[in-house]
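S.K.: Protein chains in written order, with my numbering: chain A, 139 to 337; chain B, 3 to 242; chain C, 29 to 123.
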Amino acid sequence: MGIVTPGFEGRPRAGAPNLPPGQYLTPDFPVLSAGPTPKVPRETWEFVISTETGMEYRWSWDEMMALPQEAPTVDIHCVTRWSKLGTTWQGVSLDTLLDGIDTVADYALAHSYGGYSSNLPLGDLRDGRAWLVHTYDGGDLPAEHGGPARLLVPHLYFWKSAKWVRGIRLMSEDSPGFWETAGYHDYGDPWREQRYQGD
Amino acid sequence: MRWLPARLVERRVETPTAQTLVLEVPGWPAHLPGQHVDIRLTAPDGYQAARSYSLAAPADGDRIELTVQRVPDGEVSPFLIETYREGDPVEVRGPVGGWFIWRPAQTDPVLLVAGGSGVVPLMAMVRARRAAGSRAPFRLIYSVRTPTDVFYADELRRRVRDDAGLDVAFVYTRAAPEGWQGEPHRLNLADVNTHGWPPDLEPLVYVCGPTGFVETVSDLLVGLGHPARRVRTERFGPTG
Amino acid sequence: MTALPYVDGNMLDGPLGEVFAVDLSTATGRCAHCGTASPVAGLRVYSHAPGLVARCPTCVEVMLRLVRAPDRAWLDLRGATFLRFPMPPERTLIR
């Protein structure tokens with residue numbers, strides 16, 4: 139530990155019971171980016187789920203919008219320690235997208251326009267815990283927050299909720315994504331503070 | 003590079019939202035104008051926050067100066083400006099940066115282009131030039147929102163009078179003082195042409211400011227014929 | 029003026045100074061993707077992120093990533109085929 143500077147508290151860190159350990163509350167929606175923001179027109183946007191046997195399932199923007207829509211209100215937790223409570227989204231449940239897809243895969247790799255990727259167990263995309271979202275706070279999801287569409291998996295650290303998502307690869311073996319190959323945790327449960335590999 | 007303990011010894015108000023902090027850092031190694039320093043604050047529970055600040059003045063024994071612009075809702079800059087008291091400790095690491103530096107032995111003409119608080123490392127160069135008795139011709143173009151946002155205003159006025167071979171031109175983006183020619187505007191090609199050096203004098207150019215400003219200015223300079231390798235840039239983002 | 033989300037490679041000096049004994053700010057790196065060699069100080073660094081991501085100024089592919097945990101650091105250089113550092117001349121033995 140460094141030398142304590144009197145009077146310095148930093149951002150408020152403890153408090154709310156719905157705040158995971160080591161997180162602080164923010165009223166803002168900070169923009170984090172590991173690269174330039176890709177511009178993806180809806181006309182050419184597509185979403186692809188590919189299975190471990192090489193089958194591919196594709197949705198155009200209009201096909202995705204024609205699926206049953208949900209409006210989750212969730213808390214989100216970024217590994218850089220900010221949390222935002224009660225965020226409102228609209229999109230399609232991954233249960234809907236995965237319905238009827240023949241797979242015995244255990245793992246998923248979300249991959250994005252612009253080259254980003256993130257891995258998680260396929261089970262964490264099921265049971266009403268993950269969405270492909272296109273609307274935030276009542277408006278189109280802004281590009282800097284992952285629009286036209288991003289993944290939303292709020293029970294894991296927010297880097298798992300890939301911005302500008304273009305597809306999900308279903309795999310028998312786990313394959314680390316962009317941050318997971320550089321030290322971040324393969325699962326990333328904020329309540330167990332699984333920030334880095336080995337946590 | 004180690005974190006060194008430092009203490010606040012003096013504070014100077016530059017603008018309503020910016021202050022210069024003078025820190026004493028026992029064992030501080032010398033630094034070059036243009037370099038910066040990382041400052042680390044630790045809370046009683048061990049929480050830490052670190053930020054990078056340009057050094058505003060040339061090396062002076064164990065003393066270093068940085069000018070801090072208060073970032074609204076920032077975590078570190080409001081603390082440094084409003085709460086941090088003389089005598090209290092922080093930790094510093096540095097000096098860092100071996101690219102965006104001016105060495106007093108250089109004799110080439112120098113063009114400095116500052117956007118807002120990007121003037122800080124450029125001021126270190128202006129001060130080092132005089133301190134070293136350098137005769138390298140210097141021109142500073144300083145883009146700033148309004149006259150009250152100018153850092154080091156009195157000192158710049160004095161130096162333009164006393165430091166032979168130093169020219170300073172202001173470009174105001176929101177509100178200009180009386181007597182300033184023209185309307186407030188974003189720095190443009192005509193400003194760089196009028197107040198800079200022509201490319202055939204082969205000046206060294208240092209541009210510092212927010213990323214968008216630096217992007218625009220370095221495009222203008224390269225478009226005028228300045229070789230990209232002679233245009234050194236330092237962009238900063240809005241971390242508070 | 030649009031707020032662009034990256035800064036210069038200059039800012040890597042402090043964080044990488046914890047890892048390297050040499051001054052990286054004067055180093056040159058070659059991009060594994062497009063082959064351009066650029067000063068490390070001129071890379072585009074995205075720092076509003078879980079780690080530092082330094083991208084080639086020519087093709088914008090990732091050249092270097094640094095993730096700092098409280099007690100560990102990960103440095104990923106797969107996007108750079110080399111880093112070249114200026115060094116003091118090696119002393120030659122006179123026989």
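Glycine included, C-beta positions come from ideal geometry on N, C-alpha and C. This structure is a prediction, so every number in the text was calculated from the model and none was measured.
(1) Kindly give me the distance between the Cβ atoms of Gly-57 of chain C and Ala-69 of chain C, rounded to whole angstroms, as I take these residues to be in contact under 8 Å.
(2) So what does Trp-227 of chain A bridge to, in DSSP terms?
(3) Beta-carbon of Phe-238 of chain B versus every beta-carbon of chain C: anything under 8 Å?
(4) Could you tell me whether the Cβ of Phe-146 of chain A comes closer than 8 Å to any Cβ of chain B?
(5) List the DSSP bridge partners of Gly-57 of chain C.
(6) At a Cβ threshold of 8 Å, is Asp-1 of chain B touching chain C?
(7) May I ask you to verify whether the stretch 137-147 of chain B touches the stretch 197-214 of chain B, counting CB pairs closer than 8 Å and requiring at least 3?
(8) Does the stretch 44-54 of chain B come into contact with the stretch 105-115 of chain B, if we say contact requires no fewer than three beta-carbon pairs (one atom in each stretch) closer than 8 Å?
(9) Within 10 angstroms of its Cβ, does Phe-296 of chain A collect 16 or more other Cβ (buried), or is it exposed?
(10) Among the residues of its own chain, which have a CB less than 6 Å from the CB of Met-29 of chain C, if the five just before and after it don't count?
(11) Measuring alpha carbon to alpha carbon, tell me which of A:Trp-220, A:Leu-205, A:Pro-176, A:Gly-261 ends up nearest Pro-328 of chain A.
(12) Within the 8 Å Cβ cut-off, does Ala-69 of chain C reach chain B?
(13) Determine the extent of the alpha helix (DSSP H) in which Val-121 of chain B is found, giving its start and end residues.
(14) So, helix, strand or coil for Gly-145 of chain A, using DSSP?
(15) At the 8 Å Cβ level, is Arg-106 of chain C part of the contact set with chain B, yes or no?
(16) Considering only the alpha carbon of each residue, which of B:Glu-157, B:Gly-117, B:Thr-19 lies closest to Ile-83 of chain B?
(17) Can you tell me whether Thr-44 of chain B is buried or exposed? The criterion is at least 16 other CB atoms within 10 Å of its CB, across all chains shown.
(18) Can you name the residues of chain B whose CB is closer than 7 Å to the CB of Gly-140 of chain A?
(19) Within 8 Å (strictly less), CB to CB, does Thr-218 of chain A reach chain B?
(20) I need the straight-line Cα distance from Leu-245 of chain B to Leu-124 of chain B, nearest angstrom please.
(21) Assuming Leu-57 of chain B contacts Ala-8 of chain B (C-beta within less than 8 Å), just tell me the rounded distance between them.
(22) Which residue or residues does DSSP assign as beta-bridge partners of Pro-212 of chain B?
(23) Under 7 Å between beta-carbons, which chain C residues line up against Ala-320 of chain A? List them in chain order, please.
(24) Which residues, taken in chain order from the stretch 14-33 of chain B, show a beta carbon closer than 9 Å to some beta carbon of chain C?
(25) Along the chain, which unbroken stretches of the alpha helix (DSSP H) at least 4 residues long are found entirely within the stretch 24-92 of chain B?
(26) Of all the residues that make up the stretch 68-94 of chain B, which are near chain A by a beta-carbon distance shorter than 9 Å?
(27) Note down, in chain order, each residue of its chain lying with its Cβ closer than 7 Å to the Cβ of Leu-191 of chain B, except the 5 sequence neighbours on either side.
M.R.: The short version:
(1) Actually they do not touch by this definition, with Cβ atoms about 10 Å apart.
(2) A:Tyr-274.
(3) With 8 Å as the cut-off, Phe-238 of chain B counts as an interface residue toward chain C.
(4) When Cβ-Cβ separations below 8 Å define contact, Phe-146 of chain A makes contact with chain B.
(5) By DSSP's assignment, Gly-57 of chain C forms a beta bridge with C:Ser-66, C:Leu-111.
(6) There is simply no residue 1 of chain B to check, as chain B begins at 3 and stops at 242 in what is shown.
(7) Yes, they touch.
(8) The stretch 44-54 of chain B is not in contact with the stretch 105-115 of chain B.
(9) Result: buried.
(10) Confidence at Met-29 of chain C is low in this model, with a pLDDT of 33, below 50, so the placement of that residue should be treated as unreliable; the coordinate-derived value is given next. The answer is none, since no qualifying residue turns up.
(11) Nearest in C-alpha terms to Pro-328 of chain A, of all of A:Trp-220, A:Leu-205, A:Pro-176, A:Gly-261, is A:Trp-220.
(12) Chain B places a beta carbon closer than 8 Å to that of Ala-69 of chain C, counting this residue as a contact.
(13) 121-133 is the span of the alpha helix (DSSP H), which, as asked, contains Val-121 of chain B.
(14) DSSP places Gly-145 of chain A outside both helix and strand once states are collapsed to three, so it counts as coil.
(15) Chain B, which has no Cβ nearer than 8 Å to the Cβ of Arg-106 of chain C, makes this no.
(16) When each option's Cα is compared against that of Ile-83 of chain B, the closest is B:Thr-19.
(17) Counting other Cβ atoms within 10 Å of its Cβ, Thr-44 of chain B reaches 16 or more and is therefore classed as buried.
(18) The contacting residues are Trp-5, Arg-42, Thr-44, Gln-50, Glu-93.
(19) No, Thr-218 of chain A does not count as interfacial toward chain B.
(20) Shown here, chain B extends from 3 to 242; a query on residue 245 of chain B therefore has no answer.
(21) Not quite, the Cβ-Cβ distance comes to about 12 Å (not below 8 Å), so this is no contact.
(22) DSSP lists B:Phe-238 as partners of Pro-212 of chain B.
(23) By Cβ distance, chain C contributes Gly-79, Arg-93, Val-95, Trp-102, Asp-104.
(24) Identification of residues in the stretch 14-33 of chain B having a C-beta nearer than 9 Å to some C-beta of chain C yields an empty set.
(25) Segments of the alpha helix (DSSP H) lying fully in the stretch 24-92 of chain B: 79-84.
(26) So the list reads Asp-75, Glu-77, Val-78, Phe-81, Thr-85, Tyr-86, Arg-87, Asp-90, Pro-91, Val-92, Glu-93, given in the order they occur along the chain.
(27) Within the same chain, Cβ atoms closer than 7 Å to the Cβ of Leu-191 of chain B are found at Leu-222, the five residues on either side in sequence being excluded.
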